Each structure stands twice: as C-alpha cells, then as structure tokens.
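Reviewing the structure listed below.
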Amino acid sequence: MSVTDTELLTMQGVSVSYQTVEGPLPAVRGVDLVVRAGEVVGVAGESGCGKSTLVSTVLRLQPRDAAVSGLVEVLGQDVQTISWGDLRALRWAGASIVFQGALHSLNPVQRVGAQIAEAIRVHEPGLSQARVGSRVTELLEQVGLTGARGRAYPHQLSGGQKQRVMIAMALACRPQLIVADEPTTALDVMVQAQILDLLGDLVRDLGVGLLIISHDLSVLAEVCDRVLVMYAGRVVEAGTSAQVFTDPLHPYSQALSGAFPRIGDPAARYAPAGLAGDPPDPRALPSGCSFSPRCSRAVDRCSQIDPPLVEVAAGRPVACIRVGEP
Amino acid sequence: MTTTAAHTISARTLARRRRTDAFRRNWRIFRTNRAGLLGLGLLVFFILVAVFAGLLVDSDDLSLTSAPGGVLEPPSSEYWLGTDDSGRPILSLLIYGARISLFVGLLATLMAMVIGTSIGLASGFLEGWPAAVLFRLTEWFLVIPFLPLALILATVLGRGLFNIALVIGVTSWPATALLIRSQTLTIKERPYLERARLLGASKWQQVTGHVLPNVTPMIFANTTLTVAVAILTETTLSFLGLGDPTRVSWGTMLEGAFSVGAITTGAWWYIVPPGVCVVLVVLAFTLVGQALEAVFNPRLRSR
Amino acid sequence: MSNVIASAPTQPVARPRSYARYVGTKVLGALGSLMFVLVVNFFLFRVLPGDPARTLGRGRLKSAEDIAEFQREYGLNEPLPRQFITYLHNTLTGNLGDSLRYRVPVSELILDRLWPTLLLVGTSTVLAMVIGVWLGVHSAWKRGGKFDKGSTGSTLVLYSMPEWWLGLLLIAVLAVGIGPFRGIFPTGGLHSTGVDPSSVEGVLDTAKHLTLPVLTLTLAYLAEYSLVMRSSLLDELGEDYITTARAKGLRDVVVRRRHAVRNALLPTTTVSAINIGFVVGGAITIETVFSIPGLGLLSQEALSIPDYWVLQGTFLVASAGVIVANLLVNLFYGLLDPRVRT
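Protein sequence lines, in the order shown, are assigned to chains F, D and L.
The C-terminal residue of the first sequence carries number 436 in the numbering used here, and the numbering is unbroken.
The C-terminal residue of the second sequence carries number 309 in the numbering used here, and the numbering is unbroken.
The C-terminal residue of the third sequence carries number 809 in the numbering used here, and the numbering is unbroken.
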C-alpha cells in the first residue's frame, strides 16, 4: 500500500464539548490526526473516550448541542465552516462513513439496494435508472454480495451482510476518504476477519484513505498503518500499529493491548487481563492525568500534572510522565 | 435475622430503605416535570373540594323543591355562577358534582385495573393455550366499540352509580391488560426470574414476588391515565341519560342543560362551568399520568 | 485477496406471496372477532331481566298466540344452543328484530340512517388524520419551539374534553352567536326544510349542516394523531439510520420526509385502528347534540324506551364496522412495514 503525501483528513487541536444543563461537557480535548491517501489510520479506546464524537465532526454530523473548536479539514476544506451546499457535496462524494450496520444504521422499511441508490442519486442526479441499478449491483458484488441482495430489507440480512451493505454504500460515490466507525463490533470473529480483509483490499485497490475507530486493538493492529490511542477525550499514544500493539508505551495502551490474548505468547496466559475501574465521567475528570486513578504505574506526581503529548521517538507521541522510568 | 452482630441489617429493613430511596429519587424526577406538578396541584384542589363538599355547600342548594334561586338566573354577586332550571346554584352543584365524578371515576378504574392486571399478568406469564385464549379475548374485546356496548349494558343493568362504574370498568380493562401483558413478557425473560424458578418458587410466588413489583410502576402510571378516561366516560354516559338520576354529577348537569335548551336560550353558565371542570380534572390526571410515565421510563423524559 | 471474501449463507428474499399470507391471517382474525361480537351480542340479550318476550315485545304482543309466535320466531323457548343457531340465522339473513318505537324492522331503520353517520365519521376521520399527522410532524421537527408548545398544549386540552361539550360550545359560538356576532351555521339537523337534498343546493345545504359536527369530531380526534405522531417522530429522529441519511448528503427536508416520517407513520397507523372505536362512540354523542339523523342518534333515542332491538342492531353494525375498518388499517399497515410480512 503506497501512502502518498496528500492529506485527506487533517485534524488540529480538535475539541468537542456538549452544552448541558450542568455546564459544558468535554468529550474531545485537543486531538491532532492526519490521514493520507492510501493510508489506514486507527483510533482505539474504550466506549466513552470520545472517538465516535471525534468522527462525527468529519462530516459535521455532531449533535446540535455540541460545540466544536479546532480545525477539521477534509480534502482541503474546513468542514465546520463551509457552506451548506459545499458540505452536502462533500458528504459521501468526498468522504463517507461506514456506520455500524449491524445495529439500526439502515432504514428498516427501505430495500438496501434503494438506500445505496439514494446516495448515488444525490450526487449524480442525471444518471438513468438503469445506470444506477447497475452501479448498485457492481458495489454489492465488490463487497462479496450478489446483486439480488439489493432487493432485501435490512431485517432479512445477517449482521455480516448488513455490514457489507454499509461498506458498499460508503463506496457508492467514489469517496477519497472513508471513516469506519466500529466496523467489526457485534460481528462474530470469522465475519470480522472477512470484513477486515475487505477493507484492506479496498484501500489497496482504490487508493482511498481509511480511518477506523474501534475499541478492539487487535482489529486495528490487523489492518492499520498507524494507530492512535484515545482516553478521556485525548490522544495518549500514537505510532505504527506494530509499535503500539507490540511495544505500547502508555500504561493505558499496555492494558488495552494486554486485554486481547495473543496466540503463541505463553506469558499472555498468566498476565492479568483487562483493566479495573470505569472510564472517568467527563463532568468530573480526575486532576492531573485523567488515567491516574486506574493506572498501575501512577505516582503522586501523576495526579498533579496533566501530561502533555510528547514525542519520545520519531512519530511516537506519548502522554505519560512515567515513560522511560522504571 | 436475630444475630447479635453489630452491623447486620435485616432483609426487610434493607428492602424498606431501598423503597424509600427509590421513592425519593422518583419524586425528585417527577418534580422537574412542570406539567406534572400543575396536574398534581389541580388534582389536590379537586380532591379537597370533593372531600369538603359537605362543608362548602348548604344542602338546600341541591334540593329540587326548596332551591333558593330563581330559574336560570345569570351569574350575579349572590350566585357566582348563576342557577339551573330548578333554581339551584350552579357553583354548589359543581362542588357536589366533583364528588360523584371523582368517585365513579376511581371506582370504575379500580375495577378496570383489577380485571386488566389479572388478565394481563395471566396471559403474559402463563404458557400454552390458557395464555393464548386470554390474549385473544383481550384483543377481541379491544375491538368492540366501547360506547355502543356501554349503552346496552347500562340499559340492561339500570341506572345507578355502581352500575355506571361497573359498565365503565368492564369496558375499559383491555387496554390495561395488553400493556401489563407486554411488560410481563419482557420481565419473564429476565434472569432473576429464572433463578427464582430454579430455586423452586411456585408460579404464584414468582408472579407476586418478582413480576408484580416490577410491573407496579407501570400499573401506577396507567391507572392515572385510566381514571382520566373513566371520568370522561362517566360524564358522557350521564349526558346521554344513563347517570344516576338522584345524584348530581357534572355529566347530569350538562344533560339537564342540554334538555332545557340552555344553548339557544343563552344560559352559558349552565354549560360552560361543568365542562371546564371535567376538562381540568381529566387534564390533571393526564398530565400526572404522563409525568409518571416519564419517571418510570427514562426514554420519555426529555420531551 | 478478494477471492477470500465469502458471501454469507443465502437467505430467501421476501416474495410477494408473503403479503398474501399476511392478508389471509388478518382476514381470518377479523372473522374471528366478528364471531366473538355475534356471541357477545347474543348473550347481552340473555342478560335481560324478566321474560324476554314480554320485555322485547312490549306493547305489540297482545294475545297468547302473538306471544307464542314471537317466541317461536326468536326461538326463546328452546335450549340455548338452538337459540344461538336461530339467532345466527336471523342475524345473517338481516332479521334484527323490530323497533319498539318505530314499529319497523331494525334493518330498515339502520339502512335508512346509515349514510349520514358514514359521511360524518368518514370525513372527520380523514381530516383528523391528515391535520393531526401534519401537526405532529411539525411539532416534532421544531421540538420545544413555540409551535410545538402551542400545538401540544392545545391538543392536550382537546384530548381532555368530551367531544360533545366541544360541540355545544361550537353551537353556542358559531351557530347561535354571542353578543353582536350572529351565528353562521345551523344549530342542528341535516337538511333545511323545503330544500331538495339531491339538488346542488341541497348538497351544499347538507354540507353546511355537517360543517360544525365534522369540525367538532375532527378537533376532538386529531389530538390523538398529533400526539402519537409527534412522539413517534421524535423516537425515529434519534435513530442511527437518520444519521446515515444525513451523512449521505440528503437535504434535511428529504431526510425527514423519506426516512423519519415514513417510519413514524407505522405506530401512527396502529393508533388509528384503536381510534376508530372512539370515533364511532363520538358519532353517538355528536349526532345527539346536533340532531343528525344517523345511527348515533338512533342509538341514543333507543335508550329512553329502551328499544332493545335497535340497541342490539346498532351495536352489531357499529362493531362490524369497526372490525372491517380495523382490517383495512391492518392491511394498509402490511404494505407499509415489510417486517410483518415475513
């Protein structure tokens, strides 16, 4: 997979905060992210860390009560400030999102083929019925389904089939950037592998840029070039997927990586898996490092200083003051 | 538990404490719903009026023969809401009418809830053909248009408070039964019920000990809404002439107003006040019922 | 590695035959309900206190032969099962007894008075649905705004009102007139005297007479539709597929109409089935208040004697009507929601 220099997605200092009755709730706090053409970038983290909120800003789909600051640039356009018309043109034709199809991301009373066709018609209104139909069939076949599947309603498809439909739909308008939000959650392991292979192939064959969000670090390790780890709305570590998965530097990444068993590593069987405690309440973030209450390596300093994201090696930013210390 | 250890709390105390905590929590949530509070306020007002009716109204005011006022007098400083066609002050009739409307409404609802809850629980909890039969019965009953049925029943049973309540109760239970049934079906799948079964709890114990406590909040909210419908129904039946002729209710007042042609003679004070009272009471019960639904079903809260 | 991608196991795609099966189920259900109504109707009869022949034939049956004849015609002396057969036979051949008040067959009375009720109920239901749904959609779309608050508040008040009381108020204001404003509508009845109902002038006259009754029923019943539509739409707008639709670049109006409202119509349709029973009840009270000579007024008149045969007959017709209407709504629902067809 050749990664070019074209930046498809650039996020600089992106913060998202929800306006609630009790005051602003920070969901994302100063995130930087880049996705280039032909590159697969992953964002890992528990539910509630802000990754889905972050992704919603890419096409300005964040909820109405969410305030976004910082720069979100897609294909050179500042998504949060461009006109409504430009935004609509960008949506799906410039960048598209693969939602979790196994849940309710498809309209239950519309045939899936029609839902794919709908996207095409928005961006290429002049196309004839027949042309649209053949494109839909083409897309379905590209993701491993038959064209006849297009006549099905969502409730007639399995989780894996629905996910494939979501991918086909995301490709409908030939976007340059695709964002996949938890593409393998709620699918069984066999199907997960198939979906990941599919995504990898598409990136290679079409040269798109892919941003994958998942709470499953092993999924990201499989298919990503670079991985960012998020906790409590911030990036706490980043690096190539090999680096983050096999040699995590931040205690949180270590716990995430350890939570997923590695076949062939006997030590993994005896190491305590999982992480105690819950993610912090965004309304009451711990003082200093927000991970310190759950951290096995925390010291007194950790609850006083909020560690900045610092590059401890080339392309290896980590937000922990205990990196390198015994 | 009769141990002497210092920190043991009996299971009963624990349960009671949990219940008071839950009650306080729910009240706090209820309090944020302004419409619900308004409804509650109205309810308290009308209930107080009904309870103290005897003190507020002179019995002569209600008599057909020795009524104090002239026929169909418009509102004046003496009779704030005027008089009816027998010279009785409308205000007194309204106050006394509150008693009947509320009483019949509550009695009818009690009957509807008892029948509806029993059938709902049974058809949701039991297996096999008894449950299926009860469900079919409920669905069929639901289809029958209620007023034509009520008319026949009321005609057959005769006029009277209890009969009216019975007619309303017997025709209103299906909606409750369906609701309770679907709740029961959901609860039936829950793990603690399976555990109770494995521990040897009888069907009756399962229902009363586990299903019923979880269904109760829903019953509570539904009861309030049912009372609203029951009061509307009683008013309608009385208006059509099926009410108790010896008692005054808002419905019978309106029946009287209609039969003497109060509209065409312009005696609006005979028509408007009883209807306004009905609207206020029904609205009150509806608002409280909706607020209760929101308390027990978080999804409904931010509407 | 595209050839590694395996398709999932095949599942049959919905065939048109499954709608036919759905229709069959619903029709059978309706027939079952109808049967139930016939049974209930039969037993209502038996609950009567006293000797049925004397009560029902009151005033008409003078001699012992008359009474015997009456009993034979309605099988009143026979064992219960045979009585039921006789009753079924009578009912299905249109013999619903004779009215005690009018001395004509009940079936004749019902046929005579059917069309005003159908007109009244039909028009009101359609208007209530259309306006109610529109109100609900717009309230939900601008949730919390002035339109929403005003609309929800007023529909809630309408919902708490006996529809016939609303009718009385409308008569007072728009027909009788208050103060300097003279009424513009007739206070009741269906036709003005001296006008030929089948002429153009007559049709307009009938329409004028029906305006207030239809307005009353519409106002009374749109509340239910508006409230349910609003709540269902709010539910749908929170669903994930709405985000998908917006992400595809669709305009907000299109998202609302094609995705959210389309799905929110499902619970609204279900509610309309339940509402039909109430509209039928409303017909009784409204016809009473406005003196419309339909089935509703017929039922109300029958209360005073009481004219048992008429009450029974109207009950049967009303129930059958509701069952049929419910069936139609269910069939329509089957077209809207593909999930019930498989």
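Backbone N, C-alpha and C fix where the C-beta goes; we use that ideal spot for every residue, glycine too.
Values in this document were obtained by computation on a predicted structure and should not be read as measured data.
- Under the three-state reduction of DSSP, residue 253 of chain F is assigned to coil, being neither helix nor strand.
- Annotation: Cβ neighbours of residue 152 of chain D in chain L (cutoff 7 angstroms, chain order): 744, 748.
- In this structure, L:618 is the residue among L:533, L:618, L:771, L:612 with its C-alpha nearest to the C-alpha of residue 693 of chain L.
- For the pair residue 290 of chain F and residue 322 of chain F, the CB atoms are nearer than the 8 angstroms cut-off.
- Residue state for residue 341 of chain F is assigned as strand, using DSSP reduced to three classes.
- Contact residues of the region 699 to 721 of chain L toward chain F are 706, 707, 708, 710, 711, 712, 713, 714, 715, 716, 717, 718 (C-beta to C-beta distance below 8 angstroms).
- C-alpha of residue 34 of chain D to C-alpha of residue 297 of chain D: approximately 12 angstroms in a straight line.
- Counting along the chain, residue 291 of chain F sits inside the beta strand (DSSP E) bounded by residues 287 to 291.
- Those residues of the region 161 to 173 of chain D placed with their C-beta closer than 7 angstroms to a C-beta in chain L are 161, 162, ordered along the chain.
- Relative to the Cα of residue 552 of chain L, the nearest Cα in the group L:568, L:505, L:768, L:594 belongs to L:505.
- Residue-level contact by beta carbon fails for residue 488 of chain L and chain F, as no gap is shorter than 8 angstroms.
- In the DSSP annotation of this structure, the continuous segment of the alpha helix (DSSP H) that includes residue 231 of chain D starts and ends at 218 to 245.
- Across the structure, residue 411 of chain F and residue 405 of chain F are spaced so that their CA atoms are roughly 13 angstroms apart.
- Residue 433 of chain F and residue 413 of chain F have their C-alpha atoms roughly 16 angstroms apart.
- Residue 124 of chain F is positioned such that its CB atom lies no closer than 8 angstroms to that of residue 176 of chain F.
- With a contact defined as Cβ atoms closer than 8 angstroms, residue 398 of chain F and residue 416 of chain F qualify at about 6 angstroms.
- Annotated three-state conformation of residue 263 of chain F is coil, per DSSP.
- In the three-state DSSP reduction, residue 596 of chain L falls in the helix class (H, G or I).
- Residue contact check for residue 738 of chain L against chain D: no CB pair falls below 8 angstroms.
- For the set D:92, D:147, D:148, the Cα lying nearest the Cα of residue 77 of chain D is the one of D:92.
- Minimum Cα-Cα distance from residue 689 of chain L among the listed residues L:628, L:644, L:672 corresponds to L:628.
- Against chain L, the beta carbon of residue 172 of chain F has no neighbour under 8 angstroms; the closest one sits roughly 10 angstroms away.
- The three-state reading of DSSP puts residue 567 of chain L in coil, since its state is none of H, G, I, E or B.
- Rounded to whole angstroms, the Cβ separation of residue 229 of chain F and residue 168 of chain F is 16 angstroms, and the two are not in contact under 8 angstroms.
- In the three-state DSSP reduction, residue 628 of chain L falls in the coil class, being neither helix nor strand.
- Using a Cβ-Cβ cut-off of 7 angstroms, residue 797 of chain L is close to nothing in chain F; its nearest Cβ partner there is about 16 angstroms away.
- DSSP places residue 97 of chain D outside any beta strand (DSSP E); the residue lies instead in the alpha helix (DSSP H), whose first and last residues are 96 to 131.
- The DSSP-derived three-state label of residue 719 of chain L is helix.
- With the rule of 3 Cβ pairs closer than 8 angstroms, the region 206 to 225 of chain F counts as touching the region 694 to 707 of chain L.
- Note on geometry: alpha-carbon atoms of residue 199 of chain F and residue 170 of chain F lie some 13 angstroms from one another.
- In terms of beta-carbon proximity, residue 605 of chain L stays away from the interface with chain F, with every pair separated by 8 angstroms or more.
- In the displayed model, residue 758 of chain L falls within coil according to three-state DSSP, outside both helix and strand.
- Residue 624 of chain L belongs to the set of residues whose beta carbon lies under 8 angstroms from a beta carbon in chain D.
- Residue range 319 to 324 is occupied by the beta strand (DSSP E) that includes residue 322 of chain F.
- Within the same chain, Cβ atoms closer than 7 angstroms to the Cβ of residue 147 of chain D are found at 180, the five residues on either side in sequence being excluded.
- Under the Cβ distance rule, residue 803 of chain L counts among the residues neighbouring chain F, one pair being separated by less than 8 angstroms.
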